[in-house]
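K.L.:
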Amino acid sequence: MYSPGMDKLFYVQASTKEELNSWIQALEKACFTVGTPFNVKQKIHVDFDSATGFEGLPPEWEASLKSSGITKNEVIAESGVVLDVLKFNDKLKNKNTPAGGPREDEYAPMPATESTLSLKDLVSDPSRKDLFTNLERLGGGASGEVYIAYWEEKKIQVAIKTIPINKENNILLCTEINFMKSSIHANIVQFIDSFIVDQRNLWVVMELMDGGCLTDVLEQFEYINMDESHISYVCLMTLRALNYMHTSHRIHRDIKSDNVLLNNKGEVKIADFGYAAQLTQERTFRHTVVGTPYWMAPELIRGQDYGVKVDIWSLGIMLMEMLESEPPYLEFPPLRALFLIT
Numbered sequence: 001m002y003s004p005g006m007d008k009l010f011y012v013q014a015s016t017k018e019e020l021n022s023w024i025q026a027l028e029k030a031c032f033t034v035g036t037p038f039n040v041k042q043k044i045h046v047d048f049d050s051a052t053g054f055e056g057l058p059p060e061w062e063a064s065l066k067s068s069g070i071t072k073n074e075v076i077a078e079s080g081v082v083l084d085v086l087k088f089n090d091k092l093k094n095k096n097t098p099a100g101g102p103r104e105d106e107y108a109p110m111p112a113t114e115s116t117l118s119l120k121d122l123v124s125d126p127s128r129k130d131l132f133t134n135l136e137r138l139g140g141g142a143s144g145e146v147y148i149a150y151w152e153e154k155k156i157q158v159a160i161k162t163i164p165i166n167k168e169n170n171i172l173l174c175t176e177i178n179f180m181k182s183s184i185h186a187n188i189v190q191f192i193d194s195f196i197v198d199q200r201n202l203w204v205v206m207e208l209m210d211g212g213c214l215t216d217v218l219e220q221f222e223y224i225n226m227d228e229s230h231i232s233y234v235c236l237m238t239l240r241a242l243n244y245m246h247t248s249h250r251i252h253r254d255i256k257s258d259n260v261l262l263n264n265k266g267e268v269k270i271a272d273f274g275y276a277a278q279l280t281q282e283r284t285f286r287h288t289v290v291g292t293p294y295w296m297a298p299e300l301i302r303g304q305d306y307g308v309k310v311d312i313w314s315l316g317i318m319l320m321e322m323l324e325s326e327p328p329y330l331e332f333p334p335l336r337a338l339f340l341i342t
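The UniProt record's numbering puts the sequence shown at residues 1 to 342.
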């Protein structure tokens with residue numbers, strides 16, 4: 001049932017249509033007395049005789065549910081969880097997809113509000129790009145390309161990530177640059193510089209992590225197994241980075257093997273702050289749907305408020321990755337995996 005006054009969708013479980021109608025009548029009466037919500041409309045109701053366990057689902061939700069592997073008995077037993085997972089899956093499909101700091105055992109004061117800096121406020125003069133020469137492509141994907149380059153000033157090799165700028169990713173890019181510039185820690189990839197090139201591409205210059213990402217190691221699982229000492233070392237280094245972030249009231253929100261980088265000195269550092277979030281006095285918890293589903297904490301999937309603990313959950317999933325070469329439930333369709341996680 002949808003309440004325009006509150007702009008909320010309410011789900012009511014009932015074993016019969018008569019029971020459902022009694023709920024609707026009671027809610028309409030209560031809403032009339034209070035004043036909001038108003039104009040309550042029936043959107044979804046539970047009918048345990050239907051093929052999926054629900055009647056009135058949007059067609060795309062019903063198709064997803066039928067192909068998910070979630071059984072009718074599971075729908076009946078955990079209908080609220082299934083609806084949360086369907087809502088989450090829908091959001092996921094439609095979302096646009098510094099020296100000195102607090103000591104690790106001290107909490108920094110929580111900022112009153114979030115930063116409102118624009119991308120142009122955060123980047124350097126584009127002429128600085130000429131200081132980086134001999135670009136050689138390392139790889140790339142949907143979000144951009146990664147190059148190895150030579151930094152003339154310091155006479156060292158660096159990594160440069162080039163990302164097309166558009167309306168959909170502008171905010172994420174601001175977040176990533178802001179967090180990288182203000183996060184200096186031995187286990188966080190060092191930010192060097194950034195600039196906008198040709199008004200349409202962002203260049204982010206970082207230290208070169210020449211060992212690649214942890215995923216590259218796990219892909220060789222058949223031939224190279226990480227022993228307990230290696231796994232505990234990666235976890236310790238990741239926890240040190242997370243402790244630094246959490247004491248600054250920040251959440252990474254996308255901890256996974258792809259975002260943990262290695263180098264030939266044996267260092268382990270976290271990267272990719274596009275989904276990171278700053279907790280503030282105004283917003284001590286978050287509820288935004290971001291991250292990678294198989295590594296997500298249950299409260300995030302269910303649309304509940306969450307805090308820094310979601311990073312610890314994701315680290316636990318990454319630990320299982322290191323032990324078994326992949327996260328739990330990867331063999332299941334995404335919707336069933338989300339259901340099993342919650």
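Even glycine gets a Cβ: it sits at the ideal position worked out from N, Cα and C.
(1) Tell me where the alpha helix (DSSP H) around I184 begins and ends.
(2) Going by beta carbon distance, what residues of the same chain come within less than 8 Å of V189, once the five residues before and after it are set aside?
(3) Could you please give the first and the last residue of the uninterrupted alpha helix (DSSP H) stretch that includes P126?
(4) For Y244, does the three-state DSSP call read helix, strand or coil?
(5) In three-state DSSP terms, what is Y329?
(6) Let me check understanding here. Comparing Cα to Cα, which of L323, L65, I148 lies closest to N134?
(7) What whole-angstrom Cβ distance do T175 and G274 have, given they're in contact under 8 Å?
(8) Please state the DSSP three-state secondary structure of T215.
(9) Suppose you measure from the CA of K151 to the CA of M322; what does that come to, to the nearest Å?
(10) Measuring alpha carbon to alpha carbon, tell me which residue in E78, Y306, L122, H185 is nearest L173.
(11) Compare the beta carbon distance of L340 and I301 with 8 Å and say whether it is the shorter of the two.
(12) Can you list, in chain order, the residues of its chain with a C-beta nearer than 6 Å to that of D216? Leave out the 5 residues immediately preceding and following it.
(13) Below 7 Å, is the gap between the Cβ of Y150 and the nearest heavy atom of the ligand ADP?
(14) Cα separation between D305 and S127?
(15) For a test of the three-state rule: what should DSSP assign to Q157, helix, strand or coil?
(16) Is DSSP giving V310 helix, strand or coil here?
(17) Along the chain, where does the alpha helix (DSSP H) containing F273 start, and where does it finish?
(18) Does the distance from the CB of L315 to the CB of C235 come in under 8 Å?
(19) Below 8 Å between beta carbons: does that hold for P298 and P334?
(20) With a 10 Å radius around its C-beta and 16 neighbouring C-beta atoms as the bar for buried, classify A159 as buried or exposed.
(21) On a CA-only basis, which of N169, G80, I76 is nearest S118? Give me that one, please.
(22) Between the C-alpha atoms of T162 and N259, what's the straight-line distance to the nearest angstrom?
(23) Given this structure, state the Cα-to-Cα distance separating A26 from E228, to the nearest angstrom.
P.N.:
On the basis of the supplied data:
(1) Here the question's residue 184 lines up with position 184 in the sequence shown. Bounds of any alpha helix (DSSP H) do not take in I184, whose DSSP letter is neither H nor E.
(2) Position 189 of the sequence shown holds residue 189. Cβ contact annotation for V189 (same chain, cutoff 8 Å, sequence separation greater than five): M180, M206, E207, M209, L261, K269, I270, A271, in chain order.
(3) In the sequence shown, counting from the first residue as 1, residue 126 sits at position 126. Per DSSP, P126 belongs to no alpha helix (DSSP H) and is neither H nor E.
(4) Sequence index remark: in the sequence shown, residue 244 carries index 244 (1-based). In the structure shown, the three-state DSSP call for Y244 is helix.
(5) Your numbering for residue 329 matches position 329 in the sequence shown. Reduced to three states, the DSSP call for Y329 is coil.
(6) Working through the sequence shown from its first residue, we reach residue 134 at position 134. Of the candidates L323, L65, I148, the one whose C-alpha sits nearest the C-alpha of N134 is I148.
(7) Taking the first residue of the sequence shown as 1, we reach residue 175 at position 175. Taking the first residue of the sequence shown as 1, we reach residue 274 at position 274. Confirmed, about 6 Å.
(8) Here residue 215 corresponds to residue number 215 of the sequence shown, with the count starting at 1. T215: helix per DSSP, three-state reduction.
(9) Here residue 151 refers to the residue found at position 151 of the sequence shown. Here residue 322 refers to the residue found at position 322 of the sequence shown. Before going further, note that residue 151 is Trp rather than Lys in the sequence given. Using only the alpha carbons, I get a separation of about 34 Å.
(10) By 1-based counting over the sequence shown, the position of residue 173 is 173. Checked all of E78, Y306, L122, H185; the closest Cα to L173 is L122.
(11) Sequence index remark: in the sequence shown, residue 340 carries index 340 (1-based). Sequence index remark: in the sequence shown, residue 301 carries index 301 (1-based). Not closer than 8 Å, so no.
(12) For the purposes of this step, residue 216 is taken as residue 216 along the sequence shown, with counting starting at 1. For D216, where only same-chain residues beyond five positions count, there are no Cβ hits under 6 Å.
(13) The model depicted lacks the ligand ADP and carries no ligand whatsoever.
(14) Locating residue 305 in the sequence shown gives position 305, counting from the first residue. Locating residue 127 in the sequence shown gives position 127, counting from the first residue. If you take the alpha carbons of D305 and S127, they lie about 43 Å apart.
(15) For the purposes of this step, residue 157 is taken as residue 157 along the sequence shown, with counting starting at 1. Note: Q157 maps to strand in three-state DSSP.
(16) Here residue 310 refers to the residue found at position 310 when the sequence shown is read from its first residue. In the displayed model, V310 falls within a helix according to three-state DSSP.
(17) By one-based count along the sequence shown, residue 273 stands at place 273. Where F273 is concerned, there is no enclosing alpha helix (DSSP H), given that its DSSP letter is neither H nor E.
(18) Numbered from its first residue, the sequence shown carries residue 315 at position 315. Numbered from its first residue, the sequence shown carries residue 235 at position 235. Yes; because the gap between Cβ atoms is below 8 Å, this pair is in contact.
(19) Residue numbering aside, residue 298 sits at position 298 when the sequence shown is read from its first letter. Residue numbering aside, residue 334 sits at position 334 when the sequence shown is read from its first letter. No, the Cβ-Cβ distance between P298 and P334 is not below 8 Å.
(20) In the sequence shown, the residue the question calls residue 159 occupies position 159. Buried: at least 16 other Cβ atoms inside 10 Å.
(21) Taking the first residue of the sequence shown as position 1, residue 118 is located at position 118. Relative to S118, the option among N169, G80, I76 whose CA is nearest is N169.
(22) Along the sequence shown, one-based indexing puts residue 162 at 162. Along the sequence shown, one-based indexing puts residue 259 at 259. Answer to the nearest angstrom: the Cα atoms are 17 Å apart.
(23) Taking the sequence shown and counting its residues from 1, the one referred to as residue 26 is at position 26. Taking the sequence shown and counting its residues from 1, the one referred to as residue 228 is at position 228. One Cα belongs to A26, the other to E228, and the distance between them is close to 58 Å.
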